[in-house]
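In our numbering, the protein residues as written are 7 to 452. Note sheet for the following structure.
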Amino acid sequence: MSETIVAIATASGVSSISIIRLSGQEACSVASQIAPKASFRPRYADLTSLYNASHTLIDQALVIYFQAPHSFTGEDIVEFQCHGGIVVAEEVLAAAIHYGARLAKPGEFSKRAFLNGKIDLSEAEAIAKLIEAKSVDATKILARQLKGELGRFVEESREALLRALAYSEVMIDYAEDEMPEGMLLLLSDQLKDIIGKMTGIVESSRRRRGLIEGFRVAIIGKPNVGKSSLLNALLSYDRAIVSDIAGTTRDTIEEQVRIGSHVIRLIDTAGIREADDQIERIGVERSMRSVAESDVVIALFDGTKPIDDEDRKIIDILKSHPEKASIVAVNKSDLECVLDIQMLSTFYPVHISATQQFQCLTTALQERLDAIGESDALMLVSARQIEAVEQCAREVILAQDPLQRGEFEFFSYHLQEAVKQISSITRPYDSEEILDKMFGEFCLGK
């Protein structure tokens, strides 16, 4: 980490300000050649002139020096806050490279912060996810993780496992001694508590993943019920082809739209029915897969027609996914309704039509999404974190039988694996190659 690195920390394009960030032992030396009149007093902003390698004036900008170890990376950092746009920022970047800095790799600033003990891996992942956050609720969750919420959970879980492991090691060393009365029950209860907490966190995190990635909302119904018209109405433009011919939509169509404070992916699916046409049958299969992968399901019914077997199929699909938030919408409510509403009463249907606003539907959808984000429970924000907690819980489950049989060597082995898995969330034992892969997914300048 002896090399001094540099990168443009702001998004590419026209803006009011661009920030170029230097980090490393030679940060001040490099910066002083670009901004020779800057004072480089720690945490003071100097308004000064910047020059390129030919000593030609580039810009007048703010220069701020963050002295090690009191900086994001734990190293000396110098930031140039110059006027926005591509040309000026690129000129400063080129000058820094000319004077000895190296262009930073994606995520290299955050990687250095991790390696210097300024952040743990859970906080690093929160930084990356915060940039991609799809909702206000997501930013709140990620802000808590940046403050160490997940790190505290990891430490508490690790301490509980280590206490059980320490007792097991004592029993191995003093195998001839009898187990203290009540200790087996106490250990067993502790393991069950750990399993329950971890299982609950994983399930809750999977339910709320849309807060981070954007919720997936599938629109389903029988052919020609108005799914594509609904998609177009929610998008406010004609994205899907609409016709009176059943089976017009033969593949899933995905588009992004904001509902309230949430960014969602709307998925218009092929009409679900028994299809003779092979292409349409593939479309129906994809529709079913979209339902399984969605966070919310909007089921559409035609209010001008009696419920038939195809409608019953849709009802069965909703009943087979009780874990999903669902909205039942009765279309064409401006016409005479002949649909048996009683069959849908348990779903509290909303009534919509192409000639009226869809406000009731968007309100219901926003309420469902808000309800998913209401919980203040801890959330795992990446697949890596979820896998680590799942693996930890699995090892604790496997430790239960050896404990009951008094096989403390096997009990200790599983607990050691559990400690390794839970610790990997904040401080993994993995190689430099694994860290490169993880931080390589960050953007430049982070």
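Ideal Cβ positions, reconstructed from N, Cα and C, are used throughout, including at glycine. Here the structure is a predicted model, which is why all the values come from computation and not from measurement.
Distance between Glu316 and Thr368, taken at the CA atoms: about 25 Å.
The distance from the Cβ of Ile40 to that of Ala101 is about 5 Å, consistent with a contact at the 8 Å cut-off. Judged by DSSP in its simplified three-state form, Ile25 adopts strand. Residue burial annotation: Ser326 is exposed, with fewer than 16 other C-beta atoms found within 10 angstroms of its C-beta. Bridge pairing for Val69: Asp52 and Phe86 [DSSP]. Taking Ala377 as reference, the option from Asp143, Ser45 and Ile428 with the minimal CA-CA separation is Asp143.
Here Ile225 is near Ile304, since their CB atoms are less than 8 Å apart. Taking the CA atoms as reference points, Pro112 sits about 14 Å from Ser18.
The three-state reading of DSSP puts Arg433 in coil, since its state is none of H, G, I, E or B.
When the five nearest sequence neighbours on each side are left out, the beta carbons in the same chain lying within less than 8 Å of the beta carbon of Ala59 are those of Ala100, Ala101, His104 and Tyr105, in order along the chain. Assignment of Tyr57 by DSSP, reduced to helix, strand and coil, places it in the strand class. Tyr71 is positioned such that its CB atom lies no closer than 8 Å to that of Ile64. Counting along the chain, no alpha helix (DSSP H) covers Asp314, and no H or E run does either.
Around the beta carbon of Gly309, 16 or more other beta carbons lie within 10 angstroms, which makes this residue buried. A contact between stretches requires three or more CB pairs, one per stretch, nearer than 8 Å, and the region 75-82 meets this requirement with the region 23-35.
For Val98, the enclosing alpha helix (DSSP H) covers residues Ile92 to His104.
In this structure, Leu324 keeps its C-beta atom at 8 Å or more from the C-beta atom of Phe364. Ser332: member of the beta strand (DSSP E) spanning Ala331 to Asn337, first to last residue.
DSSP places Ser381 outside both helix and strand once states are collapsed to three, so it counts as coil. Relative to the Cα of Thr16, the nearest Cα in the group Ile428, Gln410 and Cys88 belongs to Cys88.
The count of Cβ pairs closer than 8 Å, one atom from the region 112-129 and one from the region 88-97, stays below three, leaving the stretches out of contact. Here Ser24 has Thr16, Cys88, Gly90 and Ala95 as same chain residues with Cβ atoms under 6 Å from its own Cβ, once five neighbours each way along the sequence are excluded. Boundaries of the beta strand (DSSP E) around Arg264: Ile259 to Ile265. Of the candidates Phe86, Arg47 and Ser55, Arg47 places its Cα closest to the Cα of Ala74. In this structure, the beta-carbon distance from Phe307 to Val387 does not fall below 8 Å. Within the region 203-233, the complete alpha helix (DSSP H) segments of 4 residues or longer fall at 216-219, listed in chain order.
Its chain contains Val302 and Ala331 as the residues whose beta carbon lies nearer than 6 Å to that of Arg374, once the 5 sequence neighbours on both sides are disregarded; these appear in chain order. DSSP places Ala305 in the uninterrupted beta strand (DSSP E) bounded by Val302 to Asp308. For Val263, the CB contacts under 7 Å within the same chain, skipping 5 residues up- and downstream, are Leu240, Leu241, Ile270 and Leu272 in chain order. Cα atoms of Gly412 and Ala370: separation of roughly 55 Å, rounded to the nearest angstrom. According to the DSSP assignment, Arg271 belongs to the beta strand (DSSP E) that extends over His268 to Asp274. It is roughly 12 Å from the alpha-carbon of Glu415 to the alpha-carbon of Asp407.
If you draw a straight line from the Cα of Cys398 to the Cα of Asp126, it comes to about 19 Å. Note: Leu367 is not bridge-paired with any residue in the DSSP secondary-structure output. One Cα belongs to Ile313, the other to Leu345, and the distance between them is close to 6 Å. The C-beta distance from Ile200 to Ala166 rounds to 6 Å, short enough to fall under 8 Å.
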